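Numbering (full-length UniProt numbering), first residue to last: 1 to 136. Beta carbons: idealized from backbone N, C-alpha and C, even for Gly. Here the structure is a predicted model, which is why all the values come from computation and not from measurement.
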């Protein structure tokens, strides 16, 4: 038996493909479940609202670790000297896996930017965002 926690209803986090959903199962006036999509933006906003005192309770020193820092908002790109070409059989050269993944990220990011600038439909932009999240 647990201690009961803080008394607040806690959601159950479910994954569906690449998406996360928070589901609350509790009895309210209409006895329905509540299901909310947890987008990376929403999670980042929730994490940013965690106070320094709550960080200490979670075991983090806010000077060195904040919950919102766990969500990647800037992608550091290592220089070519850190990810050199790999020599294949004979004299053929091939780029390493990291370079190929970075190229995928740049391609989908450019596609997303073009679609936003051209006024593409919301579902097209949403699919581009999902694909970008997948590659990152």
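If we call anything under 7 Å between Cβ atoms a contact, is residue i one with residue j?
i: residue 83; j: residue 104; result: no
i: residue 124; j: residue 115; result: yes
i: residue 86; j: residue 94; result: yes
Of the choices the options, whose alpha-carbon is the least far from that of residue i?
i: residue 14; options: 23, 80, 88; result: 23
i: residue 102; options: 71, 134, 116; result: 134
i: residue 76; options: 42, 136, 65; result: 136
i: residue 79; options: 66, 69, 94, 99; result: 99
i: residue 66; options: 44, 120, 113; result: 44
i: residue 72; options: 107, 42, 11, 54; result: 42
i: residue 127; options: 11, 117, 112, 88; result: 112
i: residue 69; options: 6, 122, 88, 40; result: 40
Since residue i contacts residue j with CB under 8 Å, what's their CB separation in whole angstroms?
i: residue 130; j: residue 18; result: 6 Å
i: residue 34; j: residue 21; result: Rounded, the Cβ-Cβ distance is 10 Å, inconsistent with contact.
Inter-stretch contact at 8 Å, needing at least 3 Cβ pairs: the stretch 39-49 / the stretch 58-65: no
Runs of beta strand (DSSP E) lying entirely within the UniProt domain "RNA polymerase Rpb1" (5-136), each at least 3 residues, in chain order: 12-16, 19-24, 34-38
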